[in-house]
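Everything on this sheet refers to the single structure shown next.
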Amino acid sequence: MQSPAAERAPAPSIQALVVSRDQSLYAGSFGMGVFRSHDRGASWTAANTDLPDPFILCLAAARDGTVYAGTFRAGVFRSRDGGKRWEPMNAGLKRLEIKALLIEGGVIYAGTGDGVYRVAEGDNRWRVVTKGLDETLVHSLVMAPERTLFAGTSGRGVFRYKATASEWTRLTHGLVDHEGLVENFIRVLAVDKDQALYAGTFDGGVFRSGDGGQTWRPISRALPNDSIRGIVTNERGLFVATGRGIFKSLNQGRQWTPLNHGLTELSVQVLIVSDDGSLYAGTSSGVFRSDDDGEHWVGISTGLAEAGVSGTP
C-alpha cells in the first residue's frame, strides 16, 4: 500500500529512457534523478547513489551492461552495477551540460554545450571529435552507415562528420518550414533502414533527407503540433512524439495517424523502442508503454512516483 506522501506525489517529468542489455528499463527525470525497473515499469527503484545532479537529460546503455547518464549541470556519470552507484567521467570535457549520448562500435559520443566529444569504452578521458562545433550546443546524435556521425544543434542546424574527412560539414539546405522560416534548432535525429535521415525541430516539425543530409524536405505539415521530441523508425512505420501526443506515418509523412489512446499526458519528452518491439514514452508526467505499436498505451508511473518519494534524501 502506498504511503500518503507517495499518493500525493506527481510522477516526475521524464526526459530520457533506455533499455539495457538485461532488459532493465531506466528512466531519467528532470529533478528526481534516475529510476530503474526490472519488470517493464510495473515497479521502480530510485537509482541515484553518488549521482549529484538529479536533472537527467540523456541515458545510454553499453553491451557490457554499463549505463551512462548525461546531466544538466554535472557532466557524464557511469554505472557498472545496474544503477546502484554512479561515478563521474568528465576528464577532458569543457562544458558539463550533456544533451546527447550515443554508443557505437565501442565508442561513446557526447553532445555537449561545446560540441561533440568521444571516449572509448573503459577509458576515462574525453576528446573532442574535431574542431568546428566549438561553443555549439549539440542536442542529438545519430550514426549512419560507414561510421558517418550526424549532430543536431541549437541554432546551427545539422552537421555531418566523416572520419575520412576529419571535419564537420553543415547540412541545412531545405531546412525551411511551411511558413518560410529557417529551422536550425534540431532536437532529435533518426535514421531508418534505407539510410534516410529524419530531423525533428523545436517548433518547425519534421524534415526528411534521402541523400545523406545534403537536402531536406518538410514532411509534417499534417501534424497538429510542430514541437518534435522523439522519432522512432522501424518496419512498422515512422513514429513521432510531439508536444501534443504521438503520431504515426506509413508513407513518409504524407498522412499522420494519432496514437494517443491511454496516453493521459500528451506532452511527450522522449520516445524509444525496445528490442522486443515495445514503445516507451517519457512525458511531463511519467512513463507510458505500448505493446501494440502505439495503438494503446498504459501508464507505468505509479511505482515511479513512490520510488521518487522513498528515494529522496
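Sequential numbering from 763 applies to the sequence shown in our numbering. Positions of the beta carbon are idealized from the N, C-alpha and C atoms, including for glycine. Just so it is clear, the structure is predicted and the values come from calculations on it, not from any experiment.
### Task
Measuring alpha carbon to alpha carbon, tell me which of Pro907, Ala927, Gly877 and Ala1069 ends up nearest alanine 958.
Pro907
### Message
Runs of 3 residues minimum, wholly inside the region 810-897: which ones carry the beta strand (DSSP E) assignment?
### Response
818-823, 829-833, 838-841, 860-866, 869-874 and 877-882
### Coarse secondary structure for threonine 1064, derived from DSSP in three states
helix
### Query
Out of curiosity, what's the CA-to-CA distance linking serine 805 and methionine 905?
33 Å
### Message
Between the alpha carbons of valine 1032 and leucine 1012, how many angstroms are there, rounded?
### Response
21 Å
### Task
Report yes if the C-beta distance between serine 799 and leucine 787 is below 8 Å; otherwise report no.
yes
### Message
Measuring straight from C-alpha to C-alpha, what distance separates alanine 823 and glycine 873?
### Response
16 Å
### Task
Decide yes or no for the touch test of the region 881-888 against the region 911-928: beta carbon pairs closer than 8 Å, at least 3 of them.
no
### Message
Is the separation between the beta-carbon of isoleucine 860 and that of leucine 819 shorter than 8 Å?
### Response
yes
### Three-state class that DSSP yields for alanine 952 in the structure shown
strand
### Query
Using 8 Å as the Cβ pair cut-off and three pairs as the minimum, do the region 974-982 and the region 931-943 touch?
yes
### Contact under 8 Å by Cβ, valine 900 with valine 891
no
### Query
Using the beta-carbon count (16 or more within 10 Å), is valine 920 buried or exposed?
buried
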